[in-house]
Amino acid sequence: MEAAVAADLAFSAREAALGSSLGSAAARAGRDLDNRGKCQLLGKPGRLANGRSVKRWSSGKAESRSWEADAVIGGDSRGFGRQNGSIVGRSRRRAAEMRIGGPLDDQTRRSQSDRRLVCRSANGSPADASDPRAVDRAMLQRAVQLATSSAGLTAPHPFAGCVLRRDGRVVAETWLHAQGTASAEKQAVEAAGEAARGATAYLNLEPGDCHGDDSAVYALIQAGVSRVVVGLLNPLPHHHGRAVAMLRQAGVAVDVLGEGELAHPDMHDVARSCRLVNEALLFRADTGLPFSILKYAMTLDGKIAASTGHAAWVTSREARQRVFDVRSLSDAIIVGGNTVRRDNPRLTTRREGGHIPVRIVMSRSLRLPEDANLWDVAIAPTVVMTQRGAKGDFCARLRERGCEVVEFDFLSPRAVMEYCHQRGFMQVLWECGGTLSAPCIAGGAIHKVMAFVAPKIIGGVTAPSPVGDLGFVEMTQALELADISTEIIGRDLLMTGYLHPLPTEPPILPQTPTFESRLTPPTNPGPPPVISFYKSWDAFGALSNFSPHPIVLPLILPLSPPTSSSSASSPSLSPSSAQASSAVSNGGDSEGEEGGEWLWQTVEQFYQAQKFSISTDPAAVEAVASIRAAETPELAARIGRALERSRPDLLRPNWQEEKLAVMRTALRKKFTMYPHLRELLVSTGNSPLVESSTHDFFWGSGWTRRGKNNLGKLLMRLRTELLTEDRVGAD
120 MEAAVAADLA FSAREAALGS SLGSAAARAG RDLDNRGKCQ LLGKPGRLAN GRSVKRWSSG
180 KAESRSWEAD AVIGGDSRGF GRQNGSIVGR SRRRAAEMRI GGPLDDQTRR SQSDRRLVCR
240 SANGSPADAS DPRAVDRAML QRAVQLATSS AGLTAPHPFA GCVLRRDGRV VAETWLHAQG
300 TASAEKQAVE AAGEAARGAT AYLNLEPGDC HGDDSAVYAL IQAGVSRVVV GLLNPLPHHH
360 GRAVAMLRQA GVAVDVLGEG ELAHPDMHDV ARSCRLVNEA LLFRADTGLP FSILKYAMTL
420 DGKIAASTGH AAWVTSREAR QRVFDVRSLS DAIIVGGNTV RRDNPRLTTR REGGHIPVRI
480 VMSRSLRLPE DANLWDVAIA PTVVMTQRGA KGDFCARLRE RGCEVVEFDF LSPRAVMEYC
540 HQRGFMQVLW ECGGTLSAPC IAGGAIHKVM AFVAPKIIGG VTAPSPVGDL GFVEMTQALE
600 LADISTEIIG RDLLMTGYLH PLPTEPPILP QTPTFESRLT PPTNPGPPPV ISFYKSWDAF
660 GALSNFSPHP IVLPLILPLS PPTSSSSASS PSLSPSSAQA SSAVSNGGDS EGEEGGEWLW
720 QTVEQFYQAQ KFSISTDPAA VEAVASIRAA ETPELAARIG RALERSRPDL LRPNWQEEKL
780 AVMRTALRKK FTMYPHLREL LVSTGNSPLV ESSTHDFFWG SGWTRRGKNN LGKLLMRLRT
840 ELLTEDRVGA D
């Protein structure tokens, strides 16, 4: 019984968060989480690094109340569902109560708010809540559940949850919503307030949401958290052990799964849950490639289509819904030319809102239909990958329609995976046929397999199978999957397993590690090393314009005097009444209406809003408000880029000439508002700074490394200015 329960819990918590029918209470509890909300403390006066007091705002509001639950003990999830309180979140879409199980009235909450956490053992009987290891196990499992609360709603990122527990009660629980948003630890201590002092923080993943910024660690220290329990050390080398070392040096007791008492065998299940929820991060750190899943659906006799190529539908509606869920958890969906010609797919998630994965088509010949559904980039971005010199006219037409075309000297699955890694992808889903899946497997590009088997027989000697020729001639050569799991979905069977075993957890740290800053580049003879940056959690991620560092700037920057054409549409460079009213209603400071300074959650949100800040057109006004209120910088960028393509008439006059100045102003504000970021930038010395975006040839280096790298150039220019100011100040 206990083994079955443990196996049930060990199933990927990311799928549980989407509420897929796993046949377990953990899945149902995950479904009940309100994935659209996030715990933040908002609306209270705050103080910036420059000493200026401003009002803090965002798209949500939260207060923390104590809650009580039948917790997961010994791997049991069946009792986790009784709520005696809530975290109340208000997003720009709707107000919702995040709940486990169901809401209770205020009187019930008050009557139960002082009760201690009720724990249950694996057989369902009450367990002793005074057992420290049992409580640690329960709270870490809860952190795992929380970590996936935004799975499928935002782009894949390290899944991090935080639970603060004090005096037997949970006083706050939060999660990292997306890249460029506040860390789970910072949100938790702000929500808990004074209740965080002396509390224990439970983290499924060692902090590391933004390299170069240790605000998550300092938030725990300054809040007076007395103990931190970490489920998994961050596998990325620039984060690995850093937060644990800093906390221990600050006098905070830190326990890591696998150390001391937490090395006990009864902690193995929760340790595995911590690894599974971040399996994509583990594979990316271990292999240097995105976590790669091969998905296919076949009949009982192993066919993915009839002899004619007809394949609609092999599996049931329920199985197809699971595929949509997995798509939403992926950065990209990859198919080959045969799939495009045969099925003409759309490769979308079939849902409104949420994360939109990139669609990638691999084709050396580019023998692709002119009217394929994938060329419609209004619903999702499309990247066509081919070999250099293939059908230049067709490539030009694809680019005109908004598709991105990437040319390789030699197109292979490995080359595509390396491209996806450089683009910052965490997880990719291969939905290709047997012709492409075979070289993917043979080349080591596939880590995990999801095979849907329908109770049907189609027959046919020429009917295609899911995997082409691997060159094997004996059954002893067959590749065996590891860590197999099976599940019935509708009438179909889903079998999953790993071609490459899940990477083991990183090595355990010594009890008293020595902490050294990993921000300063190594000093080697010869030219200084090139410093590349892109995603916030990657090395030097705090240099990114997507990093979670709010800035204070006016809605409109008067960068150049209005021309005669711009004067006709915008008499002055102060915000229109519509723009100001919209911004204030979305949380702007009261002085914003008079052209004062407003708070922007990231540099990217300020930059995207500047595109339309002068226009009085209602579409532009709405776009600025939406960009400013966006829950993530990725969403803000999507809004801004889409409107720029569809309504170029709304752009700020001379935008192409002014956008460099806009970004430069925002970057200077960011690196002067936050002393530790200024120190980080200056610490790069004379190293060239390169924004390593593979698809952006203006701000980044592009796939060919021949891009303009304007973001890197602006940062290097700013670095020189800051160094000069430091020298002048010293004199």
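Under our numbering, the final residue of the sequence shown carries the number 850; numbering is consecutive throughout. Cβ atoms here follow ideal geometry from the backbone N, Cα and C, with glycine treated the same way. Please read all numbers here as calculations on a predicted model, not as lab measurements.
For residue i, which residues from the same chain have a beta carbon less than 8 Å from its beta carbon, with the 5 sequence-adjacent residues on both sides left out?
i    : result
P251 : E380
L366 : V336, L339, I340, V347, V373
V371 : L339, I340, V344, S345, R346, V347
T319 : M258, L283, R284, R285, V344, S345, R346, V347, V348
Kindly list the residues whose CB is nearer than 6 Å to the CB of residue i, restricted to its own chain and excluding five residues on each side of it in sequence; keep chain order.
i    : result
I475 : A499
K832 : none
D224 : Note that D224 scores 35 on pLDDT, short of 50, meaning its location in the model is unreliable; the coordinates nonetheless yield the value given after this. Correct list: empty, nothing qualifies.
V349 : L322, E325, V375
T406 : none
R858 : In the structure as shown, the chain begins at 120 and stops at 850. Residue 858 is therefore absent and cannot be evaluated.
Between which two residues does the beta strand (DSSP E) carrying residue i extend?
i    : result
T605 : 601-608
C522 : Neither: C522 is in no beta strand (DSSP E) and is coded neither H nor E.
D611 : 611-617
G350 : Careful: G350 lies outside any beta strand (DSSP E) and carries neither H nor E.
L272 : No beta strand (DSSP E) holds L272; DSSP gives it neither H nor E.
E716 : 716-719
V592 : Unbroken run through V592: none, as it is neither H nor E.
D374 : 372-375
R285 : 280-285
S584 : First-last for S584: undefined, no H or E at that position.
V572 : 567-573
My understanding is that residue i touches residue j, with C-beta atoms under 8 Å, so please give their C-beta distance in whole angstroms.
i    : j    : result
N829 : V809 : In fact, because the Cβ distance is near 11 Å, the residues do not count as touching under 8 Å.
G660 : G331 : 6 Å
M504 : F527 : 7 Å
R256 : V375 : With 8 Å as the limit, R256 and V375 do not qualify as a contact, their Cβ atoms being about 14 Å apart.
T791 : R797 : 6 Å
For residue i, report the span of its alpha helix (DSSP H) as first-last.
i    : result
K778 : 774-792
S334 : 334-341
V445 : 436-447
T554 : 553-561
Counting only the same chain and skipping the five closest in sequence on each side, list residues whose C-beta sits under 7 Å from that of residue i.
i    : result
N805 : P647
G819 : E810, S811, S812, G826, N828, L830
A756 : E723, Q727
K305 : S334, A335, A338
Is residue i helix, strand or coil when you go by DSSP?
i    : result
L676 : coil
R838 : helix
Y415 : strand
Y852 : Nothing about residue 852 can be read from this structure; the chain reaches only from 120 to 850.
W494 : helix
S663 : coil
F725 : helix
M481 : strand
F817 : coil
A430 : coil
V454 : strand
L770 : coil
L548 : strand
S177 : For S177, the predicted structure reports a pLDDT of 31, less than 50, and the residue's modelled location is therefore unreliable. The matter cannot be settled from this model.
T823 : coil
S655 : coil
I475 : coil
V363 : helix
L754 : helix
A399 : helix
V389 : helix
Measuring only from the beta carbon, is residue i closer than 7 Å to any heavy atom that is part of the ligand ADP?
i    : result
A431 : Questions concerning the ligand ADP fall outside what the structure shown contains, since it holds no ligand whatsoever.
At the 8 Å Cβ level, is residue i part of the contact set with chain C, yes or no?
i    : result
R391 : Of the chains in the structure shown, none is chain C; there is only one protein chain.
Counting pairs of Cβ atoms below 8 Å between the segment 383-402 and the segment 310-327, do you hit three or more? The answer is yes - the segment 310-327 touches the segment 383-402, with three or more Cβ pairs under 8 Å.
### Query
Do three or more CB pairs link the segment 555-565 to the segment 660-674 at distances below 8 Å?
With a cut-off of 8 Å, the segment 660-674 and the segment 555-565 do not count as touching, because too few Cβ pairs lie within range.
TODO: May I ask you to verify whether the segment 513-524 touches the segment 477-490, counting CB pairs closer than 8 Å and requiring at least 3?
DONE: Judged by Cβ distances under 8 Å, the segment 513-524 makes contact with the segment 477-490, as three or more pairs qualify.
(message) Counting beta carbon pairs with one atom in the segment 433-447 and one in the segment 466-475, are three or more of them shorter than 8 Å?
(response) The segment 466-475 is in contact with the segment 433-447.
ask   = Is it true that the segment 445-458 meets the segment 311-322, where meeting means three or more beta-carbon pairs spaced less than 8 Å apart?
value = No, the segment 445-458 does not touch the segment 311-322.
Point to revise | the segment 607-614 / the segment 578-588 touching (three or more Cβ pairs under 8 Å) | key: Touching, no.
**Prompt:** Any chance the segment 267-283 sits against the segment 397-405, with 3 or more Cβ pairs inside 8 Å?
**Reply:** For the pair of segments examined, the segment 267-283 was found to touch the segment 397-405: the number of CB pairs separated by less than 8 Å reaches three.
| field | Touch test, the segment 458-467 against the segment 527-537, Cβ-Cβ under 8 Å, three pairs minimum | value | Of all C-beta pairs linking the segment 458-467 to the segment 527-537, fewer than three are shorter than 8 Å, placing the two stretches out of contact.
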